[in-house]
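Here the sequence shown is numbered in the numbering used here, starting from 1403 and rising by one per residue. To start, the structure itself, in C-alpha cells.
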Amino acid sequence: MTPGTAITFFYYPDISAVIPFYEQALGFKLVLDQGTARIYRIAPNCHFGIVDGNKGHLRHQPRSAALLTLVVPDVAAWHARLAAAGVPKLGPLQRGPQIEHFFFEDPAGYAIEVQRFHDPAVAELFA
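Put into C-alpha cells, the structure is as follows:
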C-alpha cells in the first residue's frame, strides 16, 4: 500500500520563534495550524511540519542529525532570496558533478539544503 503523502516534522523548544522563518523567509504555505504543530505544503504531496518540542511526541534535541533538502529548479535564485532575507549561516553556492546546492540553518540549528540535479533524467524523478 502506498501512502498518499508524507510529512517530515522538526521539533523546537519555542515553536513561535521559528514560524516567521518558515512562513516569511522560506515562503512555506501553511496548510494546518494545530496549535502545538503547524504543517506546510512545500510541494505537491510533500509536507513539512514544525512541532512544539515541549508537548509533541518527541522532544527537541540540542543538536539535530536531520537534514531537510529542498529540490528546486533555480538554486541561485533561492540563494539570492535567502541572502536578501538575512538568513544566518547561509553557505556558499557549490557546484559538483551531479548537483548544485547550498546549506543553511534554521533559527534552532536544523540543517537545510537547497539543491538541483544536473542530469535531467534524475531531476525528473523529483519534479
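Glycine is no exception: its CB is placed at the ideal position from the N, C-alpha and C atoms. The structure displayed is predicted, hence computed values, not measured ones.
Minimum C-alpha distance to residue i - residue among the options
{"i": "ILE1409", "options": "PRO1475, GLY1455, ASP1508, PHE1450", "result": "PHE1450"}
{"i": "THR1407", "options": "GLY1455, LEU1495, CYS1448", "result": "CYS1448"}
{"i": "GLY1458", "options": "PRO1415, ALA1513, ALA1427", "result": "PRO1415"}
{"i": "SER1466", "options": "ALA1529, LEU1527, ILE1417, GLY1511", "result": "GLY1511"}
{"i": "LEU1428", "options": "LEU1434, THR1471, THR1438", "result": "THR1471"}
{"i": "PHE1528", "options": "ARG1440, GLN1436, LEU1432, ILE1444", "result": "ILE1444"}
Secondary structure of residue i, DSSP reduced to three states
{"i": "VAL1420", "result": "helix"}
{"i": "ALA1408", "result": "coil"}
{"i": "GLN1426", "result": "helix"}
Cβ-based neighbour list, residue i, same chain, cut-off 6 Å, excluding 5 preceding and 5 following
{"i": "PHE1411", "result": "GLY1451, VAL1453"}
{"i": "TRP1480", "result": "VAL1474, VAL1516"}
{"i": "ALA1525", "result": "PHE1519"}
{"i": "ILE1417", "result": "ILE1452, ASP1454"}
Element boundaries [alpha helix (DSSP H), containing residue i]
{"i": "PRO1522", "result": "1522-1527"}
Sequence-distant residues of its chain with Cβ nearer than 8 Å to residue i (five each side left out)
{"i": "ASP1521", "result": "GLN1500"}
{"i": "GLN1426", "result": "ALA1487"}
{"i": "GLN1507", "result": "The question names Gln, but residue 1507 is Glu in the sequence shown. These residues qualify, in order along the chain: PRO1490, LYS1491, ALA1513, ILE1514."}
Close-in-space but distant-in-sequence residues of the same chain around residue i (CB under 7 Å, 5 per side omitted)
{"i": "PRO1509", "result": "ALA1419, VAL1420, PHE1423"}
{"i": "TYR1413", "result": "VAL1453, GLY1455, GLY1458, LEU1460, ARG1461, HIS1462"}
{"i": "LEU1495", "result": "VAL1477, ALA1478, HIS1481, GLU1502, PHE1504"}
{"i": "ALA1485", "result": "LEU1492"}
Length at least 3, wholly inside the region 1442-1519: the beta strand (DSSP E) runs in chain order: DSSP runs (the beta strand (DSSP E)) wholly in the region 1442-1519: 1448-1454, 1469-1473, 1501-1507, 1513-1519.
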